[in-house]
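In our numbering, the protein residues as written are -9 to 369.
Backbone N, C-alpha and C fix where the C-beta goes; we use that ideal spot for every residue, glycine too.
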């Protein structure tokens, strides 16, 4: 009987959680990471994944996606867009509210090969219609409903999401955020705020946040962003990051600007997390998938190790699961992503239509989920 169910052989392991960047083999057993060693005999495994000339990382974690297909108007199917593309854990960021979460849990989260968590929308309806903002009527921001749903689903609901753009909240973004924070505090969870084109300036909204809360769309490039008219990052934004507020990318359809990113990085305002905000309106471009989003940050000058950290161990820490996912430490969940760093000329597009030409692109090779090679026709 083989000692291991599966071994990834011949790859370069990049695991920022353990400061590893070297040629290693990775073995899996009983759905967990079993060993990471320089040379593990293939004779000890039932199955071998050849990672020669490839990179092996912890399973990628995407903090911001929308996978409530059929109900949320942003929704895409989880597995073809997540685990099939190297993302083993994804967090749906507010597609469901208190009244739409039960079906999301039963029909999507519990049936997906992708490990799914959720940020509950403070709006009880969630993100249903592209024509009606979920918080245009503040009555939908029901703290009692949100806390009841959070208490009933503590294993899957990680926190509260609130979208604060004017078309979604009108002029009551501050009151919406206050209610989201109230619900999060009752649950002992974090808040994620969506910013861009808000009624209240971003640096004022961020000033309301607590350590561990998340600002998504940090480099959005729209009105009321992280920088003033001269391109200088606001002092309040810098202060918030120093006290532990996480600034997430959340690329999306209209929320990532190369110009804003370059200005922010030049001032050492670095992201605390890289997420895709993948949904039906951007999957064919400009986002495509999480690896394409990470590739854009290689172009912007972040190292491979840092890019991987911001989609593995950093993300796992943000959601409170650092010992279980985002790492290849023995005993952790048996998730890994195999990818290649392809060299050439690659055109990348931001949410505003600006293009750049990069020389490297991360490309998916294989996904290990729960200690098994992901094969959609067998899962």
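Range covered by the alpha helix (DSSP H) that runs through residue i
i: residue 175; result: 163 to 177
i: residue 99; result: No alpha helix (DSSP H) contains residue 99, which DSSP labels as neither H nor E.
i: residue 61; result: Counting along the chain, residue 61 falls outside any alpha helix (DSSP H), and DSSP gives it neither H nor E.
i: residue 252; result: 248 to 256
i: residue 299; result: 294 to 299
i: residue 308; result: 303 to 308
i: residue 71; result: 68 to 71
i: residue 133; result: 133 to 142
i: residue 225; result: 225 to 232
i: residue 158; result: 156 to 159
i: residue 284; result: 280 to 289
i: residue 195; result: 192 to 196
Cβ pair residue i, residue j closer than 8 Å
i: residue 210; j: residue 166; result: no
i: residue 170; j: residue 185; result: no
i: residue 358; j: residue 326; result: yes
i: residue 173; j: residue 136; result: yes
i: residue 65; j: residue 57; result: yes
i: residue 38; j: residue 4; result: no
i: residue 288; j: residue 354; result: no
i: residue 118; j: residue 61; result: yes
i: residue 177; j: residue 284; result: no
i: residue 8; j: residue 319; result: yes
i: residue 179; j: residue 221; result: no
Run of the beta strand (DSSP E) containing residue i, from where it starts to where it stops
i: residue 326; result: 326 to 339
i: residue 353; result: 345 to 359
i: residue 13; result: 10 to 13
i: residue 237; result: 236 to 238
i: residue 54; result: 50 to 55
i: residue 2; result: 2 to 5
Separation of residue j from residue i, as counted between CA atoms
i: residue 347; j: residue 340; result: 12 Å
i: residue 206; j: residue 92; result: 25 Å
i: residue 308; j: residue 30; result: 33 Å
i: residue 187; j: residue 216; result: 12 Å
i: residue 36; j: residue 147; result: 36 Å
i: residue 54; j: residue 27; result: 33 Å
i: residue 84; j: residue 33; result: 46 Å
i: residue 96; j: residue 90; result: 11 Å
i: residue 234; j: residue 300; result: 15 Å
i: residue 183; j: residue 238; result: 10 Å
i: residue 219; j: residue 154; result: 21 Å
i: residue 132; j: residue 224; result: 32 Å
i: residue 98; j: residue 105; result: 11 Å
i: residue 324; j: residue 361; result: 4 Å
Bridge-paired residues (DSSP) for residue i
i: residue 105; result: 79
i: residue 375; result: Examination of residue 375 is not possible in this model, given that the chain is present from -9 through 369 alone.
i: residue -3; result: 17, 38
i: residue 87; result: 111
i: residue 25; result: 17
i: residue 182; result: 151, 204
i: residue 268; result: 55
i: residue 217; result: 223
i: residue 188; result: 155
Heavy atom of the ligand ATP within 7 Å of residue i beta-carbon
i: residue 294; result: No copy of the ligand ATP occurs in the structure displayed, which carries no ligand at all.
Validate contact between the stretch 239 to 250 and the stretch 266 to 282 using beta carbons, cut 8 Å, 3 pairs: With contact defined as three or more Cβ pairs closer than 8 Å, the stretch 239 to 250 and the stretch 266 to 282 are in contact.
Assess contact between the stretch 7 to 24 and the stretch 271 to 280, defined as three or more Cβ pairs (one per stretch) separated by less than 8 Å. Is contact present? In short, these stretches do not touch, since the Cβ pair count stays below three.
Do the stretch 226 to 239 and the stretch 256 to 263 make contact, defined as three or more Cβ pairs closer than 8 Å? Counting Cβ pairs under 8 Å, three or more are found: they touch.
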